[in-house]
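There are 2 protein chains.
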Amino acid sequence: MPTPARTSVEEIVAAGTRILDEVGLAGLTMQAVAAHVGVRSPSLYKRVRDRDELLHHIATATARELGERLDDATVAASATGSSEGAEPAERLVRLAHALRAFAHARPERYRLLFTPPANTLGPAPEALTDAVRALLETTTRLVGPEDSLSAARTVTAWATGFISMEFTGAFRLGGDVEEAYTYGISRLAAALAGPPAT
Amino acid sequence: MPTPARTSVEEIVAAGTRILDEVGLAGLTMQAVAAHVGVRSPSLYKRVRDRDELLHHIATATARELGERLDDATVAASATGSSEGAEPAERLVRLAHALRAFAHARPERYRLLFTPPANTLGPAPEALTDAVRALLETTTRLVGPEDSLSAARTVTAWATGFISMEFTGAFRLGGDVEEAYTYGISRLAAALAGPPAT
DNA sequence: ACCTGAACACCGTTCAAGT
DNA sequence: ACCTGAACACCGTTCAAGT
Numbered sequence: 006m007p008t009p010a011r012t013s014v015e016e017i018v019a020a021g022t023r024i025l026d027e028v029g030l031a032g033l034t035m036q037a038v039a040a041h042v043g044v045r046s047p048s049l050y051k052r053v054r055d056r057d058e059l060l061h062h063i064a065t066a067t068a069r070e071l072g073e074r075l076d077d078a079t080v081a082a083s084a085t086g087s088s089e090g091a092e093p094a095e096r097l098v099r100l101a102h103a104l105r106a107f108a109h110a111r112p113e114r115y116r117l118l119f120t121p122p123a124n125t126l127g128p129a130p131e132a133l134t135d136a137v138r139a140l141l142e143t144t145t146r147l148v149g150p151e152d153s154l155s156a157a158r159t160v161t162a163w164a165t166g167f168i169s170m171e172f173t174g175a176f177r178l179g180g181d182v183e184e185a186y187t188y189g190i191s192r193l194a195a196a197l198a199g200p201p202a203t
Numbered sequence: 006m007p008t009p010a011r012t013s014v015e016e017i018v019a020a021g022t023r024i025l026d027e028v029g030l031a032g033l034t035m036q037a038v039a040a041h042v043g044v045r046s047p048s049l050y051k052r053v054r055d056r057d058e059l060l061h062h063i064a065t066a067t068a069r070e071l072g073e074r075l076d077d078a079t080v081a082a083s084a085t086g087s088s089e090g091a092e093p094a095e096r097l098v099r100l101a102h103a104l105r106a107f108a109h110a111r112p113e114r115y116r117l118l119f120t121p122p123a124n125t126l127g128p129a130p131e132a133l134t135d136a137v138r139a140l141l142e143t144t145t146r147l148v149g150p151e152d153s154l155s156a157a158r159t160v161t162a163w164a165t166g167f168i169s170m171e172f173t174g175a176f177r178l179g180g181d182v183e184e185a186y187t188y189g190i191s192r193l194a195a196a197l198a199g200p201p202a203t
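Protein chains in written order, with my numbering: chain A, 6 to 203; chain B, 6 to 203.
See below:
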């Protein structure tokens with residue numbers, strides 16, 4: 006005799022996301038998620054294959070949300086600048102700051118996205134590609150379509166490396182971290198827009 | 006009546022390191038370590054406070070080993086170049102490649118060092134500082150003592166970000182990763198050595 | 001068709017009891 | 001002084017049994 010479903014994948018992913026934000030990856034247990042959606046943990050396995058698939062869903066949802074934040078940042082850049090939208094270098098700085106702001110606001114989800122544990126699958130590739138679309142548009146304006154991908158990768162590598170160093174405490178000794186970040190991204194934008202390397 | 010010690014912290018850390026390399030962080034259990042050193046898991050707690058402290062010791066030992074590899078890389082650079090040692094930019098490229106080579110050879114330990122899990126303490130700060138001493142010397146030659154720290158941080162951020170993107174599969178689509186890395190570090194060296202940003 | 005209690009095979013960690 | 005078995009409080013996951 007059929008029984009009505011008492012939850013859904015969406016609800017499970019939403020609960021998992023909240024728990025990840027609030028108590029961290031280690032606290033994200035199947036039982037905690039189950040309690041959150043009003044069910045016993047074995048029931049979750051009707052909706053997700055295992056905990057790893059749940060993490061994958063959370064990562065993908067996070068990529069989507071990050072994408073929105075980055076889009077917002079470029080919109081803000083357009084509104085602020087002259088009639089035709091801000092210059093690419095300025096946009097790039099705003100995008101980098103939006104990425105870091107997201108990392109600080111949602112550190113656990115940020116880590117899941119950019120430095121997932123060894124055997125955990127990250128977000129769906131298309132989701133991450135989508136998330137950095139705004140960045141790719143900006144680097145295209147900055148260096149042209151030919152080099153835009155490698156420029157976007159360079160910026161992403163630098164920014165994510167900077168942020169993870171920040172998280173692990175590499176900047177504990179000295180200096181204004183905010184300033185170092187702003188300086189770094191400006192410098193990087195200039196280097197990318199400049200003449201080719203020798 | 007006293008009983009002779011059947012193991013030591015050093016042996017435990019060595020066993021933990023081997024297990025981490027071979028079966029990953031999830032496989033690094035207290036019982037696996039205990040079995041490796043010929044003891045039962047409760048006995049480990051006479052030598053380390055808990056698993057987290059063991060990870061901390063492994064991270065510190067890893068930092069020391071990485072430091073040696075980076076030193077080797079600069080020595081190689083000196084031997085290869087003209088009588089007086091290679092130019093700074095060339096040294097920087099070699100250091101970056103040595104870092105990446107280490108990451109590929111020992112991915113689990115590399116991750117423990119640069120992107121440790123949220124509540125895990127990384128290596129002892131002095132150990133990491135020591136590890137990148139060769140890098141700091143090189144950036145000093147490249148940009149002078151004033152800006153050497155921020156230059157070293159910029160290079161480290163970019164390289165670690167690049168490598169973690171590589172690990173998470175961000176480069177799956179297209180391009181020679183090796184070439185992109187070499188291109189990036191050369192470009193970065195040029196940008197750092199160049200005129201200040203506008 | 002979904003939900004559950006019970007069970008299994010693990011974890012890290014503590015502790016009284018042995019030598 | 002160190003080592004151990006037993007125990008505790010957890011995990012993720014499976015599965016037969018209920019509705």
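By construction, the Cβ of each residue, glycine as well, lies at the ideal position given by its N, Cα and C atoms. All of these numbers come straight from a predicted model, not from anything done at the bench.
Between the segment 170 to 186 of chain B and the segment 172 to 185 of chain A there are fewer than three inter-stretch CB-CB distances shorter than 8 Å, so the stretches are not counted as touching. Pairing arginine 45 of chain A with alanine 139 of chain B, the inter-Cα distance amounts to about 54 Å. In this structure, leucine 141 of chain B lies away from alanine 64 of chain B, with their beta-carbon atoms at least 9 Å apart.
Between the alpha carbons of arginine 146 of chain B and leucine 104 of chain B lies a distance of about 19 Å. For alanine 123 of chain A, there are no CB contacts under 7 Å within the same chain when 5 residues up- and downstream are skipped. Following the DSSP letters along the chain, one finds tyrosine 115 of chain A inside the alpha helix (DSSP H) bounded by residues 112 to 119. Only those residues of the segment 112 to 123 of chain B whose C-beta falls short of 8 Å from the nearest C-beta of chain A are listed: Pro112, Glu113, Arg116, Phe119, Thr120, Pro121, Pro122, Ala123. The three-state reading of DSSP puts alanine 31 of chain B in coil, since its state is none of H, G, I, E or B. With 16 or more other Cβ atoms inside 10 Å of its own Cβ, threonine 67 of chain A counts as buried. Rounded to whole angstroms, the gap between the alpha carbons of histidine 62 of chain A and valine 148 of chain B is 45 Å. Straight-line spacing of the CA atoms in alanine 106 of chain A and threonine 120 of chain A works out to 17 Å.
Between the alpha carbons of glutamate 131 of chain A and arginine 56 of chain A lies a gap of roughly 21 Å. Residues of the segment 19 to 38 of chain A with a C-beta atom less than 8 Å from some C-beta of chain B are Gly29, Leu30, Ala31, listed in chain order. A distance below 6 Å between beta-carbons, with the five flanking residues on each side excluded, links glycine 72 of chain B to the following residues of its chain, in chain order: Asp135, Ala136.
Residue range 130 to 136 is occupied by the alpha helix (DSSP H) that includes aspartate 135 of chain A.
Within chain B, not a single residue places a beta-carbon under 8 Å from that of glycine 43 of chain A; the smallest gap is close to 27 Å. In terms of CA proximity to glycine 199 of chain B, B:Asp152 leads the group B:Thr187, B:Asp152, B:Glu15. Contacts with chain A at 9 Å (Cβ-Cβ) do not include threonine 67 of chain B. At least one CB atom of chain A sits nearer than 9 Å to the CB of serine 155 of chain B. The three-state secondary structure of leucine 60 of chain A, taken from DSSP, is helix. A distance below 7 Å between beta-carbons, with the five flanking residues on each side excluded, links threonine 165 of chain B to the following residues of its chain, in chain order: Phe119.
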